[in-house]
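Mapping of the sequence shown onto UniProt numbering: residues 1 to 455, in sequence order.
Note that the Cβ used here is the ideal one computed from N, Cα and C, for glycine as well.
Working notes, structure below.
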Amino acid sequence: MTPLSNSLADADIANVLHPNTNMRQHERTGPLVIDRGEGIRVYDNTGKEYIEGLAGLWSVAVGFSEPRLAEAAHRQMLKLPYYHTFSSKSHEPSIRLAEKLVEMTPPNISRAFFTSSGSEANDTIVKMVWYMNNALGRPNKKKFLSRIKGYHGITVASGSLTGLPTNHRDFDLPAIPVHHLTCPHFYRFGAPGEDEAAFTARLLAELETVIATEGADTIAAFIGEPLMAAGGVMPPPVGYWEGVERICRAHDILIVSDEVICGFGRLGTPFGCQKYGFTPDIMTLSKQITSSYMPLAAVLFSDPIYQAIADNSEKIGMFGHGYTASGHPVATAVALENLAIIEERDLMGNAARLEAQFQAGLQAFADHPLVGEARGAGLIGAVELVADKATRKPFDKLGRAGALASTIGHEEGLIFRAIGDQLALCPPLIVTPEDITEIMTRMGRTLDRLTGAVA
Ligand code: PLP
1 MTPLSNSLAD ADIANVLHPN TNMRQHERTG PLVIDRGEGI RVYDNTGKEY
51 IEGLAGLWSV AVGFSEPRLA EAAHRQMLKL PYYHTFSSKS HEPSIRLAEK
101 LVEMTPPNIS RAFFTSSGSE ANDTIVKMVW YMNNALGRPN KKKFLSRIKG
151 YHGITVASGS LTGLPTNHRD FDLPAIPVHH LTCPHFYRFG APGEDEAAFT
201 ARLLAELETV IATEGADTIA AFIGEPLMAA GGVMPPPVGY WEGVERICRA
251 HDILIVSDEV ICGFGRLGTP FGCQKYGFTP DIMTLSKQIT SSYMPLAAVL
301 FSDPIYQAIA DNSEKIGMFG HGYTASGHPV ATAVALENLA IIEERDLMGN
351 AARLEAQFQA GLQAFADHPL VGEARGAGLI GAVELVADKA TRKPFDKLGR
401 AGALASTIGH EEGLIFRAIG DQLALCPPLI VTPEDITEIM TRMGRTLDRL
451 TGAVA
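Have a look at this one:
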């Protein structure tokens with residue numbers, strides 16, 4: 001047997017396949033080993049401090065090492081560490097959390113189904129919608145509409161909904177019937193001479209055309225993040241969601257709001273659909289639901305969907321879908337405590353109150369020679385690095401400047417996410433005005449040092 005390595009980095013390089021990672025590059029550079037976290041900060045195994053400017057993976061709302069979440073998990077572990085929810089079995093934390101989520105979401109939403117990840121939740125949505133349309137005698141109404149650069153997960157179905165090339169290429173995806181519409185990002189996808197309203201009109205005309213060409217009787221649902229996050233933090237153009245909602249309603253196409261990042265106050269409203277003024281039939285919730293202290297996601301959906309599924313479950317004998325960990329008692333208990341903290345400390349209000357400062361901080365980088373666009377909403381945003389500001393020309397080797405920025409950011413004590421050459425920030429919802437000032441100072445230093453490095 002190979003002896004265990006003394007070095008964590010060596011052991012990582014020898015044993016781990018990392019998600020979303022260039023593994024050959026990783027073999028050369030090794031991992032950044034994070035050892036502990038406190039509030040908005042994390043510390044690596046040499047003791048170096050970083051502000052976690054992305055809240056982990058857009059998810060640690062209440063900050064790191066919140067004792068109340070550890071205590072909630074401990075209490076539940078001692079009382080009922082595991083039980084399932086198959087075959088009418090239930091337990092208090094999953095019941096109370098479903099009740100709480102139905103109360104928090106828009107009035108047409110009436111039921112919750114639990115999974116462990118956002119990807120599983122979106123897979124569940126695909127299957128629920130297919131099951132429902134078969135039950136309603138509409139076996140052809142199965143296609144999904146999604147968007148280029150949308151992110152909905154990485155399982156076979158949710159990865160198909162995702163519209164990012166690196167999540168498809170060589171995985172043989174998409175593997176379900178899905179049509180990816182134009183990305184609603186005006187800066188990159190707006191045509192020369194087109195204003196934002198005309199851009200929206202063009203995207204809505206495209207939606208109408210696709211529905212007419214494919215046939216509304218073949219299209220089950222439209223899925224979208226209210227603000228596209230993991231694809232590069234792109235707020236929708238003005239009037240976009242109102243138009244999408246109007247068109248989908250006219251053609252009996254369900255609207256799925258993937259709130260995995262926008263949910264629980266990220267944009268200053270409880271859910272992103274409220275920020276942009278549309279009412280979904282189905283919502284995907286995860287990440288900030290437990291501040292990612294435990295893996296948990298939920299599908300929230302309307303009563304007509306529930307009624308069709310319930311009728312069919314009686315006809316067939318069951319709703320034959322579910323996971324060992326659906327509604328896991330420790331995860332749901334942690335979610336309840338996490339949501340209680342978000343409410344008691346008014347963290348959604350904090351995001352709304354600090355939006356202006358955070359977005360102004362980002363906008364201050366719009367004049368930087370390397371920045372093509374600074375954008376965002378609530379407490380999420382990005383700066384997009386370009387080779388030529390005037391023409392918006394990207395760097396030739398896309399992602400090199402972003403990767404370099406990440407490395408410099410680490411040296412400056414700031415963790416953000418480089419999505420190609422877009423640098424995304426999404427700090428924990430507990431941030432203070434002073435924290436935002438410090439985040440922007442470290443980001444500014446990073447951009448200034450990057451100017452020399454990419455020249
Ligand atoms: N949907 C959205 C909008 C996401 O941002 C993500 C993850 O970032 C997912 C779904 C997938 O969630 P998970 O990584 O938990 O499978």
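For a cut-off of 8 Å, the C-beta gap from Arg-147 to His-180 is around 6 Å, short enough to register as a contact. For the pair of segments examined, the segment 217-230 was found not to touch the segment 428-444: the number of CB pairs separated by less than 8 Å stays below three.
With a cutoff of 8 Å, Ala-221 does not count as near the ligand PLP, since its C-beta is closer than that to no heavy atom of the ligand.
A straight line joining the alpha-carbon of Ser-59 with that of Ile-125 spans about 21 Å.
In this structure, the CA atom of Ala-424 is about 11 Å from the CA atom of Ala-405. Between the ligand PLP and His-152, a heavy atom-to-CB distance of less than 8 Å is present. Between the ligand PLP and the CB of Ile-125, the shortest heavy atom gap is not smaller than 8 Å.
Under the DSSP assignment, Leu-370 falls outside any alpha helix (DSSP H); it carries neither an H nor an E label.
Beyond the five residues adjoining it in sequence on each side, Arg-96 comes within less than 8 Å, by CB distance, of Thr-332 and Leu-336 in the same chain, given in chain order. Every beta strand (DSSP E) stretch that sits fully inside the segment 305-391 and reaches 3 residues is listed by chain position as 371-377 and 380-385. Residue environment for Ser-7: exposed (fewer than 16 other C-beta atoms within 10 angstroms of its C-beta). In the pairwise beta carbon analysis, the segment 280-300 is classified as touching the segment 250-259: at least three pairs are separated by under 8 Å. With contacts defined as CB atoms closer than 9 Å, Pro-329 and Pro-177 fail to qualify as a contacting pair.
Here the C-alpha atom of Ser-119 lies approximately 26 Å from the C-alpha atom of Arg-138. Assignment of Lys-100 by DSSP, reduced to helix, strand and coil, places it in the helix class. Residue pairing by DSSP leaves Gly-163 without any beta bridge partner.
In this structure, the alpha-carbon of Gly-39 lies about 33 Å from that of Gly-163.
For Lys-127, the closest C-alpha among the options Leu-414, Gly-361 and Gly-320 is that of Gly-320.
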